[in-house]
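Before any comments, here is the structure.
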Amino acid sequence: MPGACALDSTGNLFIADTANHRIAKVDTKGIITTVAGTGTAGASADGTTATAAALSSPAGVAVDDGGDIFISDTGNNLIRQVTPDGAIHTIAGNATAAFSGDGGPAVSASINAPAGIVMDGSGALYFADSGNNRVRILTRQATPPPTTTPVTIPQVTAVNGASLLPGSVAPGEIITIYGSSIGPAQGVAGTLNASGLLSNLIAGTEVRFDGVAAPLYYAQAGQVNVQAPYTISGQSTTHVEVIYQGQTAGQADLNVMPTAPAMFPTVLNQDNSLNGMNAPALQGTILTFFATGEGMTTGSNIAGQPAGAPYPQPSANVSLTVGGSAATLTYAGEAPGLVGLLQIDAVLPAGLPSGASNAILTVGGVSAPATAIWVQ
Numbered sequence: 213m214p215g216a217c218a219l220d221s222t223g224n225l226f227i228a229d230t231a232n233h234r235i236a237k238v239d240t241k242g243i244i245t246t247v248a249g250t251g252t253a254g255a256s257a258d259g260t261t262a263t264a265a266a267l268s269s270p271a272g273v274a275v276d277d278g279g280d281i282f283i284s285d286t287g288n289n290l291i292r293q294v295t296p297d298g299a300i301h302t303i304a305g306n307a308t309a310a311f312s313g314d315g316g317p318a319v320s321a322s323i324n325a326p327a328g329i330v331m332d333g334s335g336a337l338y339f340a341d342s343g344n345n346r347v348r349i350l351t352r353q354a355t356p357p358p359t360t361t362p363v364t365i366p367q368v369t370a371v372n373g374a375s376l377l378p379g380s381v382a383p384g385e386i387i388t389i390y391g392s393s394i395g396p397a398q399g400v401a402g403t404l405n406a407s408g409l410l411s412n413l414i415a416g417t418e419v420r421f422d423g424v425a426a427p428l429y430y431a432q433a434g435q436v437n438v439q440a441p442y443t444i445s446g447q448s449t450t451h452v453e454v455i456y457q458g459q460t461a462g463q464a465d466l467n468v469m470p471t472a473p474a475m476f477p478t479v480l481n482q483d484n485s486l487n488g489m490n491a492p493a494l495q496g497t498i499l500t501f502f503a504t505g506e507g508m509t510t511g512s513n514i515a516g517q518p519a520g521a522p523y524p525q526p527s528a529n530v531s532l533t534v535g536g537s538a539a540t541l542t543y544a545g546e547a548p549g550l551v552g553l554l555q556i557d558a559v560l561p562a563g564l565p566s567g568a569s570n571a572i573l574t575v576g577g578v579s580a581p582a583t584a585i586w587v588q
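Encoded structure:
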């Protein structure tokens, strides 16, 4: 008795398998798995693994691009959330089939046989409170004014992940954040979540841009590498909050620009060797550069999504000069299979002198700091 379905942005299908008391997932290859519920009706404590937690006749399911699954746990009169780490939590309802709590904390409210559930573009959840003949909305609750001396939140430093220079941030840019006690003692690399997106939670570390959780590449006590979400597009500023073990560990306010390009120092020769003084590029060959900060693309602009064919290209114009001469670009798009990385394949201009030359990338009229290359 499947009661509801939901699709994530990558094409995975989630099913409220009501009579089996579980939530199933069908991936893009057609493989079905259980992501919540044991198959037996019941109620389980929060914080347990979702696949080991009992549900009761779930009749609604919704998903977001961050890897969260929202469930109408109908028989238990609860709204549950499965977070990207696989744990299940109650986010609305006190397990009593009644009506109460409008305008207050959702977990203290009474709901009755919740069914259909859907998330809007702002992150608010709407659900059919079926037994109460109502549709209700679940939103983030504003933090009340402090009643005691406020805790000073440390400032963190955010720089472009390629140039390691401070400045404005662009949508989709790879950013390095420096601070103190903002992650685990030992560095941990990011992984793809069940939705195929780079996870926004690593070893208790999370970074939010105006409240939107961002994909993480790496987290360690003094450094976090993150991709700025595309949701900051069109804004003049963004507020960045670094959270570790549930507590705000640092914050920063950054200016936002449509593009903020910078190239990584790694440059590949046409034979895929690393360009350098001892391995210069031959005249007329193709060099491959890698950059970030290109801004919005022609793709779906989903943060954390590895680039797949057809590979997105920057929406803004891209050009490259080497030694002051324009290079012919054979490719300028997202690096295949990688997240937030721009790849530029460029034919070296004719007549370059042997030795070091400066390569300068320009995206949307904004030039990146020069990157040195070597030519033979």
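In case it helps, the numbering used here puts the sequence shown at residues 213 to 588.
Think of the CB as a built atom: it goes at the ideal place given N, C-alpha and C, for glycine as much as any other residue.
Quick caveat, the model's predicted, so the values are computed rather than measured.
(message) Would glycine 328 and glycine 416 be called neighbours here (beta carbons separated by less than 8 Å)?
(response) no
(request) Examine the Cβ distances between the segment 561-568 and the segment 417-424 and report whether three or more of them are shorter than 8 Å. (result) Verdict: no, contact absent.
(message) Measuring straight from C-alpha to C-alpha, what distance separates glycine 187 and phenylalanine 311?
(response) This structure cannot speak to residue 187, because the chain is shown only from 213 to 588.
(message) DSSP three-state label for isoleucine 329, please.
(response) strand
(request) Just mark lysine 241 as buried or exposed, buried being the case when its beta carbon has 16 or more other beta carbons within 10 Å. (result) exposed
(message) Among Thr295, Pro561, Leu554, Leu553, whose alpha-carbon lies nearest the alpha-carbon of threonine 540?
(response) Pro561
(message) Can you find the residues in the same chain that come closer than 8 Å, C-beta to C-beta, to alanine 433, ignoring five residues on each side of it along the sequence?
(response) Around alanine 433: Ser392, Ser393, Ile394, Gly395, Pro396, Ala397.
(request) Inspect the CB distances between the segment 501-517 and the segment 373-391 and report whether three or more fall short of 8 Å. (result) yes
(message) Measuring straight from C-alpha to C-alpha, what distance separates alanine 474 and aspartate 314?
(response) 49 Å
(request) Compute the Euclidean distance between the alpha carbons of alanine 321 and arginine 352, then round it to the nearest angstrom. (result) 14 Å
(request) To the nearest angstrom, report how far apart threonine 246 and lysine 237 are at their CA atoms. (result) 6 Å
(message) Please state whether the Cβ-Cβ distance between alanine 299 and threonine 252 is less than 8 Å.
(response) no
(request) Name the residue from Ala406, Val319, Asn529 whose alpha carbon lies nearest to the alpha carbon of aspartate 280. (result) Ala406
(request) Run the CB neighbour count on aspartate 465, radius 10 Å, all protein chains shown included, and call it buried at 16 or more, exposed below. (result) exposed
(request) Could you check the C-alpha separation between isoleucine 556 and glutamate 418 for me, to the nearest Å? (result) 31 Å
(request) Measure from the alpha carbon of alanine 571 to the alpha carbon of each residue in Gln435, Asn487, Asn288, then state which is nearest. (result) Asn487
(request) Would you identify the three-state DSSP class for isoleucine 394, choosing helix, strand or coil? (result) coil
(request) For the beta strand (DSSP E) holding isoleucine 435, just list the boundary residues, first then last. (result) Checking the sequence, you will find glutamine at residue 435 rather than isoleucine. Start and end: 435-439.
(message) Once DSSP output is grouped into helix, strand and coil, what is the label at glycine 298?
(response) coil
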